[in-house]
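Worksheet for the structure shown next.
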Amino acid sequence: MTSTEPTAAPARRTAVVTGASSGIGEATARALAGAGFHVVCAARRAERVEALAAEIGGTAVACDVTDAAQVAALAAAAGPVVHVLVNNAGGAFGSDPVERADAEQWRSMYEVNVVGLLQVTQAVLPALRASGDGVVVNIGSTAGRVAYEGGAGYVAAKHGTKVVTQTLRLELVGEPIRITEIAPGMVHTPEFSLVRFGGDQDAADKVYAGVPDPLVADDVADAVAWVVTRPSHVNIDELVIRPRAQAAQHKVHRVDQD
Numbered sequence: 000m001t002s003t004e005p006t007a008a009p010a011r012r013t014a015v016v017t018g019a020s021s022g023i024g025e026a027t028a029r030a031l032a033g034a035g036f037h038v039v040c041a042a043r044r045a046e047r048v049e050a051l052a053a054e055i056g057g058t059a060v061a062c063d064v065t066d067a068a069q070v071a072a073l074a075a076a077a078g079p080v081v082h083v084l085v086n087n088a089g090g091a092f093g094s095d096p097v098e099r100a101d102a103e104q105w106r107s108m109y110e111v112n113v114v115g116l117l118q119v120t121q122a123v124l125p126a127l128r129a130s131g132d133g134v135v136v137n138i139g140s141t142a143g144r145v146a147y148e149g150g151a152g153y154v155a156a157k158h159g160t161k162v163v164t165q166t167l168r169l170e171l172v173g174e175p176i177r178i179t180e181i182a183p184g185m186v187h188t189p190e191f192s193l194v195r196f197g198g199d200q201d202a203a204d205k206v207y208a209g210v211p212d213p214l215v216a217d218d219v220a221d222a223v224a225w226v227v228t229r230p231s232h233v234n235i236d237e238l239v240i241r242p243r244a245q246a247a248q249h250k251v252h253r254v255d256q257d
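Take 0 as the starting number for the sequence shown in numbering that gives the first Met the number 0 and just add one per residue.
Structure below.
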């Protein structure tokens, strides 16, 4: 006899995305929602993540990843089972040479790009284990691979992101958790360079001046969605993404704007 009982729908998978109020984080939250995830959108700017979560059917959590209490609240809001964690919260502050660098800016970059990543990962790991098939995606940078003038603080912080990712993969081998770093090159988002240059729009614009088709946030979000939807046995250790116009940190094709 064939049963006519309805089959229960599979439980919706949960993803946590930090730094989701703008740029790569916002685009990633949208991409994962489109891939069927319930997305916990975390960022310091509550109004922005609340609007985003309402739009994509997710959950908004106001969270500064450098604040341990707020990170604990984020983990509690995400629940006992999480399938994907995207550590996207980060940032670059300042562009002075080492000789004149602001030590507080360096501390801030290390706190958000490394310590914040550490705290969120620690808080969410039990829920990732509970999923039986978890994925951690850390958003690094090509700055985590090569030094360049005026970028030492950010370069050091993003090297930290890379090494934490590599170490975590070694420490968790044999567990049902995959560990990936996605390292973008030139990504033109409205805020990243503006924040780095302290609100100086002209300085921010010069970073991308003449660069034909730099990456945009959706390009990185697309890569995140691809990585987390690979079969369970496939781990993408690292993925470096640059625009075609950028061959290296110091080699960028620019067109004449005259």
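From the three backbone atoms N, C-alpha and C, an ideal C-beta is built for every residue, glycine too. Quantities reported herein were computed from a predicted structural model and do not represent experimental measurements.
{"Check": "Rounded separation between Gln245 and Asn112 - CA only", "Outcome": "23 angstroms"}
{"Check": "Ranges of the beta strand (DSSP E) found wholly within the stretch 138-194, counting only runs of at least 3", "Outcome": "176-183"}
{"Check": "Bounding residues of the alpha helix (DSSP H) (the contiguous stretch that carries Val223)", "Outcome": "216-227"}
{"Check": "Residues that Lys250 bridges to, as DSSP identifies them", "Outcome": "Ala247"}
{"Check": "N- and C-terminal bounds of the beta strand (DSSP E) containing Ile240", "Outcome": "237-240"}
{"Check": "Beta carbon of Ser94 nearer than 9 angstroms to that of Gly173", "Outcome": "no"}
{"Check": "Contacts around Thr1, its chain only, beta-carbon distance under 7 angstroms, and the 5 residues preceding and following it disregarded", "Outcome": "Residue placement at Thr1 is poorly supported in this model, since its pLDDT is 46, which falls under 50; the coordinates are not used for a value here."}
{"Check": "Ala102 versus Ala19: straight-line alpha-carbon distance, rounded", "Outcome": "27 angstroms"}
{"Check": "Assumed close pair Gly57, Ala28 - CB separation to whole angstroms, cut-off 8 angstroms", "Outcome": "7 angstroms"}
{"Check": "Three-state secondary structure (DSSP) of Ala42", "Outcome": "strand"}
{"Check": "Cβ pair count under 8 angstroms reaching 3, the stretch 226-234 against the stretch 40-59", "Outcome": "no"}
{"Check": "Secondary structure of Gly24, DSSP reduced to three states", "Outcome": "helix"}
{"Check": "Segment limits, beta strand (DSSP E) that includes Ala100", "Outcome": "Element bounds for Ala100: n/a, residue is neither H nor E."}
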